[in-house]
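Chains as they are written, first to last, in our numbering: chain Y, 1 to 291; chain C, 292 to 618. For every residue, glycine included, the Cβ atom is placed at its ideal position computed from N, Cα and C. Computed from a prediction, not measured in an experiment: that's the story for all the values here. Working notes for the structure below.
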Amino acid sequence: MPEAPPSPIMLAPPRARRQGLPPLVLFAVGWLGLMLGVALLANVVSPYAYTALDLRNRLSPPIGFGGTTAHWLGTDELGRDVLSRLIHSIRMSLLIAFGATLIGAVVGTTLGLLAAQFRGLVEQAVLALVDFSASLPFLILALAVLAFFGNSLTLFVCLLGLHAWERYARIARGLAISAGAQGYAAAVRQLGASAWRVQLRHVLPNIASTLIVSMTLAFPEIILLESGLSFLGLGVQPPATSLGSMVGYGREYLSRAPWILLSPAAVIVLTTLSVSALGDWLRDRLDPSLD
Amino acid sequence: MSEAPLLEARGLLRRYGMRRGLLGRPVEVRAVDGVSLSLHRGRTLGLVGESGCGKSTTGRLVLGLEPSDGGGVAWEGRPMPPPGTPAWRALRARMQMVFQDPLGALDRRLPIGAQVAEPLAIHGLPGSRDRVAELLRDVGLRPDQAARYPHELSGGQRQRAVLARALATAPALLVCDEPISALDVSIQAQVMNLLTELQARHGMAMLFISHDLRAVRQVSHRVAVMYLGRIVEAGKPDAVLQDPAHPYARALVSAIPHPGRRQARILLPGDPPNPADRPAGCAFHPRCPMAVALCAREAPALKPRPGDGRLVACHLAQGDATLPKAA
């Protein structure tokens, strides 16, 4: 056979593995890092106490719009420093959103995997709960619970955690059943693996990408839900503050002092965007076949 | 055979409920209907038949992956424990399965080295890197391929990885469910050779399920032909595949492509019958070119043929009925 000239495709250098992070992910990581840092060090970095009044500087605009360096992001109608309130709101909202997302994911995934593992009665019970939860308007449930049991932060986080659990339960159950019916989970089971080994070592890592995407979808929803409940006066109670309640109370001054509302709104947008971008990237990285 | 069988299955039965339409009455489907077989150490039983005839279900029943609705499986003379029990799980080290779709059978998030080591960890056997490398070398993979993910391997290499995992606990029985159907023809030959080679080296029993008659003939010591959930003929592969006694086996054998052969293929009229609506008498009689009245009335039993003792379930082959004079 005559020696063929090497084809140009062969000579091309192998495609470089993705180096470094894409810019959006870099931004997302930086922003979420900043938010976490601010949340952890809220008492250190905030220039004033978030309840401190400065009555002589009420509705003072932010710096650059005629404000002074005393209040970088301006003040609200009671003369409270918007930057200090924003910092404490970030702490509160992140605590609620991360806490509630994690609770929802853990509860939902656990119930979904249990349903897939035991089938029969357990599955029927879980599915009935899922249908119940999906058909009940969450806002009404939240109103009822908060009205009857009073409002504490722990209760509030747990309540919001119940918001999206049924989604994780459905996804986990469906994916676990399809993995068990044929393919890798059935193969590992016939190797003699215990149910827990199959579920935790094989099924959970394989469905994790879907669950992570679901979490990044639920996170912004929970922030918005918290805002809505706070706006209705059922969420975070004054004097405590959160991003949602800042937006809610700032609404009245939208035309005269938009900075009260705009700065927490910008934080909400950037944080939810960062979580989505990071979740998307994480999903790709967790899948070894998508390199 | 003088030696006691490693595994003996008697009258295996598997029913599925099926509902037609939204309000239809549930119909019982017998996927496997009274299959008996025995597997001996170091021997291979080939199981052939068209798709949907219950081959794979038989394989799963034999391994005890599904409970049998009737009959039973005895492993080394003792009944098979019910699926999921600790005794059943411990027994998995002795019997293993090779799947048709190797990509589906492997966890795509774990490198194959970790997956080959998994049965060792499950059954508490030492699972060192050297042992994994040895297993990989055993099936013709390089030890450095242990770090590869399933999607980075070719189809043949994946099937080798599945084999390495199945052989990790040195099982006494290997059930191969269409192990070569998803592979290229050139790779099929390699995997077949590997299977016979591994059997010669380790001496395990094999149940080889396939619709590829030539593959079955190459690896099997005995072959059984299945039709609609029942074994219709069984015997030595050369005898059964040279001179099939059952009309269905004859049609199957005539479908093997043969260069230079002039003989006409036997074309079976009609579709394989619906297992939910099994014909009365011999299940094959509506498609059988030589069916007589008896075939529609009475189901033939699988029993040795008077002449040479081959097991066949057919009234005509047994001589219970005679072929009417050709019109």
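(1) Check whether the Cβ atoms of L330/C and A525/C lie closer than 8 Å to each other.
(2) In terms of alpha-carbon separation, which member of P372/C, D435/C and C586/C lies closest to L352/C?
(3) Closer than 8 Å between beta carbons: that is the criterion. Which residues of the stretch 333-364 of chain C meet it against chain D?
(4) Kindly identify the DSSP beta-bridge partner or partners of L304/C.
(5) Starting from Y249/Y, follow the alpha helix (DSSP H) in both directions and report where the run begins and ends.
(6) Please report whether the beta-carbon of V106/Y lies at a distance below 8 Å from any beta-carbon of chain C.
(7) Given a limit of 9 Å on CB to CB distance, which residues of the stretch 186-201 of chain Y reach chain C?
(8) Along the stretch 383-395 of chain C, what residues have a CB closer than 8 Å to any CB found in chain Y?
(9) Quick check on the DSSP output: what are the complete alpha helix (DSSP H) runs of length 4 or more inside the stretch 509-553 of chain C, in order along the chain?
(10) Classify F65/Y: buried if its beta carbon has 16 or more other beta carbons within 10 angstroms, exposed otherwise.
(11) For the stretch 406-421 of chain C, which residues have a CB atom closer than 7 Å to at least one CB atom of chain Y, in sequence order?
(12) Just tell me which of G375/C, I500/C and P548/C has its CA closest to the CA of G343/C.
(13) What residue ranges within the stretch 371-398 of chain C form continuous beta strand (DSSP E) runs of no fewer than 3 residues, ordered along the chain?
(14) Expressed to the nearest angstrom, what Euclidean distance is found between the alpha-carbon atoms of V198/Y and L254/Y?
(15) With 9 Å as the C-beta to C-beta threshold (strictly closer), list the residues of the stretch 154-186 of chain Y near chain C in chain order.
(16) Let me see if you follow: with CB-CB separation under 8 Å, is R449/C close to chain Y or not?
(17) Which term fits A550/C, buried or exposed, when burial requires 16 or more other beta carbons within 10 angstroms of its beta carbon?
(18) I believe S89/Y touches T241/Y by the beta-carbon criterion, under 8 Å. Please report the beta-carbon distance rounded to the nearest angstrom.
(19) Does A496/C come out as helix, strand or coil in the three-state DSSP assignment?
(20) Where are the alpha helix (DSSP H) runs, 4 residues long or more, that stay fully inside the stretch 193-262 of chain Y, in chain order?
(21) For the alpha helix (DSSP H) containing D468/C, name the first residue and the last one.
(22) So is W196/Y buried or exposed if we call it buried at 16+ other beta carbons inside 10 Å?
(23) Of the residues V318/C, R305/C and L336/C, which one's Cα is nearest the Cα of P528/C?
(24) Please go through the same chain and pick out, in chain order, the residues whose beta-carbon is closer than 7 Å to the beta-carbon of A617/C, but skip the five residues on each side of it.
(25) Determine the direct distance from the alpha carbon of T376/C to that of E469/C, and round the result to whole angstroms.
(26) What residues of chain Y sit near A381/C, judged by a beta carbon separation below 8 Å?
(27) Please return the same chain residues whose Cβ sits closer than 7 Å to the Cβ of S347/C, not counting the five positions on each side in sequence.
(28) Are S327/C and R305/C close, meaning C-beta to C-beta below 8 Å?
Once the coordinates are examined:
(1) In this structure, L330/C lies away from A525/C, with their beta-carbon atoms at least 8 Å apart.
(2) Nearest option by C-alpha distance: P372/C.
(3) Going by chain labels, chain D is absent from the structure shown, which instead holds the protein chains Y and C.
(4) D324/C and G361/C
(5) That run of the alpha helix (DSSP H) goes L243 to G250.
(6) no
(7) A186, A187, V188, R189, Q190, L191, G192, A193, S194, A195, R197 and R201
(8) R383, A384, Q387, M388, F390, D392 and G395
(9) 528-533 and 538-545
(10) exposed
(11) E409, P410, I413 and H414
(12) When G375/C, I500/C and P548/C are compared, the shortest CA-CA separation from G343/C is found for I500/C.
(13) 386-389
(14) 55 Å
(15) Q182, G183, Y184, A185 and A186
(16) Chain Y, which has no Cβ nearer than 8 Å to the Cβ of R449/C, makes this no.
(17) Note that residue 550/C corresponds to Pro in the displayed sequence, not to Ala. Flag for P550/C reads exposed.
(18) Sure, about 5 Å apart at Cβ, within 8 Å.
(19) In the structure shown, the three-state DSSP call for A496/C is strand.
(20) 204-231 and 243-250
(21) D468/C -> not in any alpha helix (DSSP H); beta strand (DSSP E) instead, spanning L464 to D468.
(22) Result: exposed.
(23) Per the Cα distances, L336/C.
(24) Residue placement at A617/C is poorly supported in this model, since its pLDDT is 45, which falls under 50; the coordinates are not used for a value here.
(25) 27 Å
(26) Residues of chain Y passing the Cβ test: G192.
(27) Taken in chain order, the residues that qualify are D468 and I500.
(28) no
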